[in-house]
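When we follow the UniProt record's numbering, the leftmost residue of the sequence shown carries the number 1, and every step to the right adds one.
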Amino acid sequence: MNHEQRTAPSRLLYRVQDAADALSLSRSVIFELLRSGRLRSVHEGRTRLIPYEALVEYIASLEDAA
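Structure representation (structure tokens):
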């Protein structure tokens, strides 16, 4: 599905566990992706949040590598 066909996401920011669930990955894998720079995040106070677009970009990078 191309970017123009996507519907608006129900959430714009995901906690680490929610992003892990959405990507079917473990929390430790998400933290490794964050450490390596392959997945972007933002901070609000002490909470690390992953933008919806960062998830989309990560998935696109997997598709490009395939």
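Every residue gets a Cβ at the ideal spot worked out from N, C-alpha and C, and that includes glycine.
Alpha carbon of M1 to alpha carbon of A60, nearest angstrom: Start at 1 with the first residue of the sequence shown, and residue 1 comes out as number 1. Start at 1 with the first residue of the sequence shown, and residue 60 comes out as number 60. Model confidence at M1 stands at a pLDDT of 48, short of 50, so the residue's coordinates are unreliable and nothing is read from them.
Determine the closest residue to S10 out of Q17, E53, L39, with distance taken between C-alpha atoms. Taking the sequence shown and counting its residues from 1, one reaches residue 10 at position 10. Ranking the options by Cα distance to S10, first place goes to E53.
So what's L23 in DSSP terms, helix, strand or just coil? For the purposes of this step, residue 23 is taken as the residue at position 23 of the sequence shown. Looking at L23 - three-state DSSP - the assignment turns out to be helix.
Give the straight-line distance between the Cα atoms of S26 and S36, rounded to the nearest whole angstrom. Indexing the sequence shown from 1 puts residue 26 at position 26. Indexing the sequence shown from 1 puts residue 36 at position 36. Straight-line Cα distance between these residues: approximately 15 Å.
Taking only the alpha-carbon atoms, compute the straight-line gap between F31 and E63 and give it to the nearest angstrom. Here the question's residue 31 lines up with position 31 in the sequence shown. Here the question's residue 63 lines up with position 63 in the sequence shown. One C-alpha to the other measures close to 21 Å.
Should A19 be labelled buried (16 or more other beta-carbon atoms within 10 Å of its own) or exposed? Looking up residue 19 in the sequence shown gives position 19. Per the 10 Å Cβ criterion, buried.
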